[in-house]
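Read through the structure below, which is laid out as structure tokens, and then see the notes.
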């Protein structure tokens, strides 16, 4: 392996013409007209861990009988660069899925970042977030924990374990250690209570299950169940399976897999 010499000023050396290729600049790359349906909510997403959070949230709201929670779902193919189109960037200038438009508001309201979307919907419909100060705060503690911790699993462990062009010991060791620490934290927490934030199912469970529950069930990265020795996290595994069996979760996953491809 060639030793890397740190330059005084970093310069990007991977210029490419792909619409979906990563670049060190933000903003739209091409003109785009996104489809718009008649439902109150327009969701532009993909079936990634962050993307499924929102379809699960909508389907859980429907299971609870929430009125006005209808949504149209459209696929944003991040491999093809749809997230860099002008219409999508107008909704989310950070060019990441999911992105949501509440067109029941006037003017329309754009919401991006999965945690922000979950919190917006929970507050709008007064569901899946406790009303007591202690319960609400504990739910938000864990919601924001997932936002901060998740990149170590996805962009860290997942990238170097499953997607990097070659295996590299240092980053795999570093991010595996942190991922297992997080799994142990969740396992210890769930040994004390049935749901992440306490005795009731909340948006914290939705956010965390979409990453860690799917990881615990071996659904994110091939070979990771054995590699991470996930059998040792018995409380996390029980919770993961229990959440997976919820009708709203199953419908949310199905909706994402059958999303409108336009």
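Numbering (full-length UniProt numbering), first residue to last: 1 to 262.
Cβ atoms here follow ideal geometry from the backbone N, Cα and C, with glycine treated the same way.
Quiz item: Of the choices 200, 39, 219 and 234, whose alpha-carbon is the least far from that of residue 154?
Solution: In the chain shown, counting from the first residue as 1, residue 154 sits at position 154. Comparing Cα positions, the closest option is 219.
Quiz item: With contact counted as at least three CB pairs below 8 Å, one residue from each stretch, are the region 96 to 107 and the region 41 to 56 in contact?
Solution: Of all C-beta pairs linking the region 96 to 107 to the region 41 to 56, three or more are shorter than 8 Å, placing the two stretches in contact.
Quiz item: Going by alpha carbons, who is nearest to residue 198 out of 31, 68, 11 and 143?
Solution: Counting from one through the chain shown, the residue named residue 198 turns up at place 198. Residue 198 has its Cα closest to that of 143, out of 31, 68, 11 and 143.
Quiz item: What do you reckon, are the CB atoms on residue 62 and residue 114 nearer than 8 Å?
Solution: The sequence position of residue 62 within the chain shown is 62, counting from 1. The sequence position of residue 114 within the chain shown is 114, counting from 1. In this structure, residue 62 lies away from residue 114, with their beta-carbon atoms at least 8 Å apart.
Practice problem: Output the boundary residues of the alpha helix (DSSP H) element that contains residue 225. | Solution: Looking up residue 225 in the chain shown gives position 225. Here the alpha helix (DSSP H) through residue 225 covers 224 to 227.
Self-check item: Classification of residue 57 by the beta-carbon crowding that lies within 10 angstroms, buried from 16 upward
Solution: Counted from its first residue, the chain shown places residue 57 at position 57. Under this definition residue 57 is a buried residue.
Quiz item: Between the Cα of residue 146 and the Cα atoms of 182, 164, 124 and 163, which residue gives the shortest distance?
Solution: Working through the chain shown from its first residue, we reach residue 146 at position 146. The option with the nearest alpha carbon to residue 146 is 182.
Quiz item: Near residue 149, what residues of its chain come up, given a Cβ to Cβ distance below 7 Å and the 5 sequence neighbours on each side ignored?
Solution: Walking along the chain shown from the start, residue 149 turns up at place 149. Closer than 7 Å at Cβ, skipping near neighbours: 182.
Quiz item: Taking 8 Å as the CB-CB limit, is residue 177 close to chain C?
Solution: Note that chain C does not occur in the displayed structure, where there is just one protein chain.
Exercise. Since I believe residue 32 is in contact with residue 88 (beta carbons under 8 Å), could you give me their beta-carbon distance rounded to a whole number of angstroms?
Key: Within the chain shown, residue 88 is the residue found at index 88, counting from 1. Within the chain shown, residue 32 is the residue found at index 32, counting from 1. That pair is a contact at about 6 Å.
Practice problem: Determine the DSSP secondary structure at residue 111, reduced to helix, strand or coil. | Solution: Position 111 of the chain shown, counted from the first residue, corresponds to residue 111. Looking at residue 111 - three-state DSSP - the assignment turns out to be strand.
Quiz item: Taking contact to mean at least 3 C-beta pairs separated by less than 8 Å, is the region 132 to 139 in contact with the region 192 to 206?
Solution: The region 132 to 139 is in contact with the region 192 to 206.
Self-check item: Which of helix, strand or coil DSSP assigns to residue 258
Solution: Counting from 1 along the chain shown, the entry for residue 258 is found at position 258. Here residue 258 sits in coil by DSSP.
Exercise. Count the CB pairs spanning the region 231 to 244 and the region 159 to 176 that are closer than 8 Å, and state whether there are at least three.
Key: Touching, no.
Practice problem: Please name the residue in 40, 232 and 244 whose C-alpha comes closest to that of residue 121. | Solution: Counted from its first residue, the chain shown places residue 121 at position 121. It is 40 whose Cα lies nearest to the Cα of residue 121.
Quiz item: Are three or more beta carbon pairs between the region 22 to 38 and the region 214 to 234 nearer than 8 Å?
Solution: The answer is no - the region 214 to 234 does not touch the region 22 to 38, with fewer than three Cβ pairs under 8 Å.
Quiz item: In three-state DSSP terms, what is residue 45?
Solution: Start at 1 with the first residue of the chain shown, and residue 45 comes out as number 45. Correct three-state label for residue 45: strand.
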